[in-house]
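Colleague:
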Amino acid sequence: MTPKSIIKPLTQASLLATLLYAPPDLLERYLGPRFAQSIWPKIFKPLVKTLIGLGILKTINRALNAWATNNWRISSSPPQGEWDWPNEIAVVTGGCSGIGLALVEGLTSKGVRTAVLDICEPPPSLQANSKAFFFSCDVSSLSSVIRAAEAYTTQQFVPGMVRRNKGHVVTLASLASHYTLTGCVSYSASKAGAMAFHEGLGSELKHVYKAPGVVTSIVHPYFVRTPMIDPIQGQVDKVDKVLSIQDVVDPILRQIFSGRGGQLLLPKSLSHLSSLRGWPNWLQEFVRDTYARNAVKTLASHELTQQQA
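The structure is reproduced here in structure tokens:
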């Protein structure tokens, strides 16, 4: 948790508590006798108490979440010492375009030496970046990954992190990890698998390899404005706002440079979808049906546009 996330709820609670325990004559002076003597104690005073209680519970919940996703560690520093960014090495798969490229630029701007694995050729900006090192690699091909460099696969570099008890593995998933997108079942299944990988890796790092200094983070963005959704962006924009690449990359970089593990749900306004599988079945199906109807309209509109083109 950041100092701001602690100070803000404390300030709100203090203001509500001041109102709750204000002297009766002061309330009568500023709010009127009728409000202070009847409406305030019967309606608003219980409401203020409830708001204070909910605020306290929300703050405690947020603190516990931050503690748990950081391997039950309060410190943001690994046991082996502080992060020294110019002497750290990052590996980014798919770093030649979109979110990956923006991540590479953000990491190297802090002096982090970054290995970029991609099947595509690097753009001029990446070629000119002295902190970025490109390796042509089809990450779907094991032999290609091994040819690029053993140290740049998760299977190979995580043991090095474990030996040092220091590292950070960031998995880019999607809000589709939590609810299946109509028309994108394969995509949703792959992102659910990414979430399972993240959870399993984090558990093994703590309990099997005894390496609490190696933290894990997972990112669940909504639709992002990349070439992948160009064909349907107009239709998606009618339903919900499409995130820009920076809307996703900036929180990821903040998470990395905080040195803490965590879970990012982007945008926060859709974070409730992460709890979907814990809802009653009828409510789950209602939400899925609602999103499915919108998806069908979007796909139908896209097909009509293509036919008219």
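Going by this note's numbering, the sequence shown opens with residue 3, and the numbers climb by one from there. Glycine included, every Cβ here is placed at the ideal spot set by N, Cα and C.
1. Between Gln-158 and Val-164, what straight-line distance do the alpha-carbon atoms span, to the nearest angstrom?
2. When burial is assigned at 16 or more other CB atoms within 10 Å of the CB, is Asn-72 buried or exposed?
3. Kindly identify the DSSP beta-bridge partner or partners of Thr-95.
4. Determine the burial state of His-180: buried for a count of at least 16 other Cβ atoms within 10 Å of its Cβ, exposed for fewer.
5. Whose CA, out of Gln-82, Leu-56, Pro-35, lies closest to the CA of Val-216?
6. Out of curiosity, what's the CA-to-CA distance linking Leu-245 and Val-226?
7. Have a look at His-170 and Trp-69 and give me their C-alpha separation to the nearest angstrom.
8. Along the chain, where does the alpha helix (DSSP H) containing Phe-136 start, and where does it finish?
9. What three-state label does DSSP hand Pro-253 in the structure shown?
10. With a threshold of 16 other CB atoms inside 10 Å of the CB of Cys-122, please say whether the residue is buried or exposed.
11. State the Cα-Cα distance for the pair Ser-16 and Lys-51, rounded to the nearest angstrom.
12. Could you pull the start and end residues of the alpha helix (DSSP H) that Ile-58 belongs to?
13. Considering only residues of the same chain and omitting the five flanking positions on each side of Tyr-259, which have a CB-CB separation below 7 Å?
14. Going by DSSP in three states, Gly-261 sits in which element: helix, strand or coil?
15. For the alpha helix (DSSP H) holding Pro-26, just list the boundary residues, first then last.
16. Quick one: grab the DSSP three-state call for Val-216.
17. Quick check on the DSSP output: the beta strand (DSSP E) that includes Val-172 runs from which residue to which?
18. Rank Trp-74, Met-197, Gly-108, Leu-203 by C-alpha distance to the C-alpha of Pro-161 and give the top, closest one.
19. Per DSSP, Leu-267 is paired with what?
20. Going by CA-CA distance only, name the one from Gly-195, Pro-125, Gln-286, Lys-60 that's closest to Ile-222.
21. Identify, in the order they occur along the chain, each residue of the same chain with its Cβ nearer than 8 Å to the Cβ of Thr-20, setting aside the five sequence neighbours on each side.
22. In whole angstroms, what is the alpha-carbon distance linking Pro-26 and Pro-35?
23. To which residues of the same chain is Glu-90 closer than 7 Å at the C-beta, ignoring the five residues directly before and after it?
24. Between Thr-13, Ser-138, Tyr-189, which lies nearest to Gly-57 when the distance is taken from Cα to Cα?
25. Can you tell me whether His-200 is buried or exposed? The criterion is at least 16 other CB atoms within 10 Å of its CB, across all chains shown.
26. Identify whether Leu-183 lies in helix, strand or coil by the three-state DSSP scheme.
27. When the Cα of Cys-98 is compared with those of Pro-88, Thr-116, Asp-86, which residue comes out closest?
28. To which residues of the same chain is Leu-29 closer than 7 Å at the C-beta, ignoring the five residues directly before and after it?
29. If you follow the alpha helix (DSSP H) that Asp-276 is in, where does it begin and where does it stop?
30. Please list, in chain order, all residues of the same chain as Gly-102 whose beta carbon is under 6 Å from its beta carbon, the five residues on each side excluded.
31. Is Lys-208 closer than 7 Å to Pro-80 when the C-beta atoms are compared?
Modeller: A quick look at the data gives this:
1. In this structure, the straight-line span from the alpha carbon of Gln-158 to that of Val-164 is close to 11 Å.
2. Answer is buried; the Cβ neighbour count reaches 16.
3. Paired residues: Leu-119.
4. Buried, since its Cβ has 16 or more Cβ neighbours within 10 Å.
5. Nearest Cα to Val-216 within the set Gln-82, Leu-56, Pro-35: Gln-82.
6. Leu-245 and Val-226: Cα-Cα distance of roughly 5 Å.
7. Near 16 Å, if we compare the C-alpha coordinates of Trp-69 and His-170.
8. Run containing Phe-136: none in the alpha helix (DSSP H); it sits in the beta strand (DSSP E), 134-138.
9. In this structure, Pro-253 counts as helix in the three-state DSSP scheme.
10. When all chains shown are included, Cys-122 counts as exposed.
11. Answer to the nearest angstrom: the Cα atoms are 12 Å apart.
12. Start and end: 47-70.
13. Rather than Tyr, the amino acid found at residue 259 in this sequence is Phe. Within the same chain, Phe-259 has close Cβ partners Lys-112.
14. Of the three classes helix, strand and coil, the one that applies to Gly-261 here is coil, per DSSP.
15. Looking at the DSSP string, the run of the alpha helix (DSSP H) that includes Pro-26 is 26-33.
16. For Val-216, the three-state secondary structure derived from DSSP is strand.
17. That run of the beta strand (DSSP E) goes 169-174.
18. Answer by Cα proximity: Leu-203.
19. Paired residue(s): His-222.
20. Note that residue 222 is His in the sequence shown here, rather than Ile. Nearest Cα to His-222 within the set Gly-195, Pro-125, Gln-286, Lys-60: Gly-195.
21. Counting only residues of its own chain and dropping the five nearest sequence neighbours on each side, Thr-20 has no CB closer than 8 Å to any other CB.
22. Roughly 9 Å between the two C-alpha positions.
23. Only Val-114 meet the Cβ criterion.
24. For the residues Thr-13, Ser-138, Tyr-189, the minimum Cα distance to Gly-57 belongs to Thr-13.
25. His-200 comes out buried.
26. Three-state result, Leu-183: coil.
27. Measuring C-alpha to C-alpha distances from Cys-98 to each of Pro-88, Thr-116, Asp-86 identifies Thr-116 as the nearest.
28. For Leu-29, where only same-chain residues beyond five positions count, the Cβ hits under 7 Å are Ala-38, Trp-42.
29. Before going further, note that residue 276 is Ser rather than Asp in the sequence given. Per DSSP, Ser-276 belongs to no alpha helix (DSSP H) and is neither H nor E.
30. Short of 6 Å from the beta carbon of Gly-102, and not among the five residues preceding or following it, lie these beta carbons of its own chain, in chain order: Val-94, Gly-96.
31. Their beta carbons are not under 7 Å apart, which means Pro-80 does not touch Lys-208 by this criterion.
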